[in-house]
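Engineer: Everything in the first sequence is counted per UniProt numbering, starting at 1 for the first residue and increasing by one.
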Amino acid sequence: MPDLATPLAAWYRDNARDLPWRRPGFGAWGVLVSEFMLQQTPVNRVVPHLERWLTRWPTPAALAADAPAEAVRQWANLGYPRRALWLHRAAVEIRDRHGGVVPLDVDQLLALTGIGDYTARAVAVFAYGDRHPVVDTNTRRVLARAVDGRSQPGPPSRHDLTAMEALLPDDIRAAAVVNAAAMELGATVCVARVPRCEACPVAAQCAWRAAGYPDTGDTRRRQARYEGSDRQARGAVLKTLRDAAAHAVPLTEVVPDWPDAGQRDRAIDSLIADGLAEASDGLLRLPG
DNA sequence: CACGCGTGGGT
DNA sequence: TACCCAAGCGT
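1) What residue range does the alpha helix (DSSP H) around S270 cover?
2) Thinking C-alpha only, which one of L185, F126, A76, W208 is nearest L241?
3) Please return the same chain residues whose Cβ sits closer than 8 Å to the Cβ of R83, not counting the five positions on each side in sequence.
4) Can you give me the C-alpha to C-alpha distance between R22 and V72, rounded to a whole angstrom?
5) How close, in whole Å, do the beta carbons of L85 and G275 come, if the pair is a contact with beta carbons under 8 Å?
6) So, are the CB atoms of G79 and T119 less than 8 Å apart?
7) Going by DSSP, what residue range makes up the alpha helix (DSSP H) through A9?
8) Can you check whether the CB of I172 is closer than 8 Å to the CB of R131?
9) Residues bridged to V249 by DSSP?
10) What's the gap between the Cα of R17 and the Cα of E184?
11) Can you tell me where the alpha helix (DSSP H) holding E51 begins and where it ends?
12) From the DSSP output, in three-state form, read off A277 for me.
13) Consult DSSP for N77 and reduce its assignment to one of helix, strand or coil.
14) Does the contact criterion of 3 or more C-beta pairs under 8 Å hold for the region 249–263 versus the region 96–112?
15) Can you tell me which of A180, T137, E93 puts its alpha carbon nearest to the alpha carbon of V125?
Listed below in structure tokens is the structure:
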């Protein structure tokens with residue numbers, strides 16, 4: 001297999017975007033918060049939210065001291081608000097189990113609420129400089145193309161970590177750069193729909209390009225329609241709660257004009273079941 | 001392992 | 001207009 005790490009690292013040094021969490025000394029808490037926000041939300045939308053979040057809660061203990069409702073409200077329109085709840089829980093766990101310090105150990109990170117294979121290694125590598133394979137959807141696409149000669153990656157699997165590990169140099173700092181470089185390449189050049197191969201530092205080594213860009217068929221799951229979905233209903237309910245100045249809304253005033261009243265009520269129940277809302281005395285509110 | 005889970009911008 | 005896409009996670 002051709003060497004991908006060297007050209008990737010060289011390209012990254014010259015082309016990496018200047019993002020807040022890449023600044024030296026940004027801190028493990030800042031990196032962790034950024035990774036939560038970046039789970040399925042685009043970089044450009046995350047940046048301003050991240051700065052506001054860290055100004056309000058500069059440490060895990062500061063967030064843990066506030067109610068979950070405050071985290072969900074501050075999360076605003078970033079989407080998937082359960083992440084705000086999970087981030088708050090993780091902050092409580094960090095305070096209670098780790099003395100308020102974001103752990104470095106991958107297994108300890110994995111044990112925190114809302115942290116999985118990607119986020120645990122991203123924090124260990126990008127915040128603490130440890131050596132692990134960090135594999136997100138961008139990296140999986142880069143590996144699928146450059147190494148496997150496919151147009152799109154297959155479903156996520158544990159093998160992804162093995163494949164990335166095989167590319168990493170032994171040197172710890174160099175390995176961190178290659179991890180970041182693969183993600184950055186997938187995010188800015190080797191993009192899903194229209195890859196910019198003319199700007200790619202590993203075009204000469206790319207198995208997909210060498211094979212003539214075969215369409216391997218897209219095995220990715222298709223996203224369910226949003227219009228009219230339960231998710232849309234949940235989003236409308238939660239927006240009502242976030243925006244309520246009184247912090248509590250009579251159940252009769254929670255999106256009363258929703259086209260499907262049954263769907264709205266199921267949305268309310270599911271939000272309560274998820275811990276994103278609480279009901280009492282005919283009022284609905286964010287979790288206290 | 002496949003699914004459900006928000007929101008907004010691009011084509 | 002619809003659909004695609006975005007640094008995943010828990011179940």
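Built from N, CA and C at the ideal position, the CB exists for glycine as well.
Structural biologist: On the basis of the data shown:
1) 261–273
2) A76
3) F36, M37, Q39, W75, G114
4) 26 Å
5) 6 Å
6) no
7) First-last of the alpha helix (DSSP H) with A9: 5–15.
8) A contact, by the Cβ cut-off of 8 Å.
9) L284
10) 8 Å
11) 43–56
12) Looking at A277 - three-state DSSP - the assignment turns out to be coil, as it is neither helix nor strand.
13) coil
14) No: the two stretches stay apart, fewer than three of their Cβ pairs being nearer than 8 Å.
15) A180
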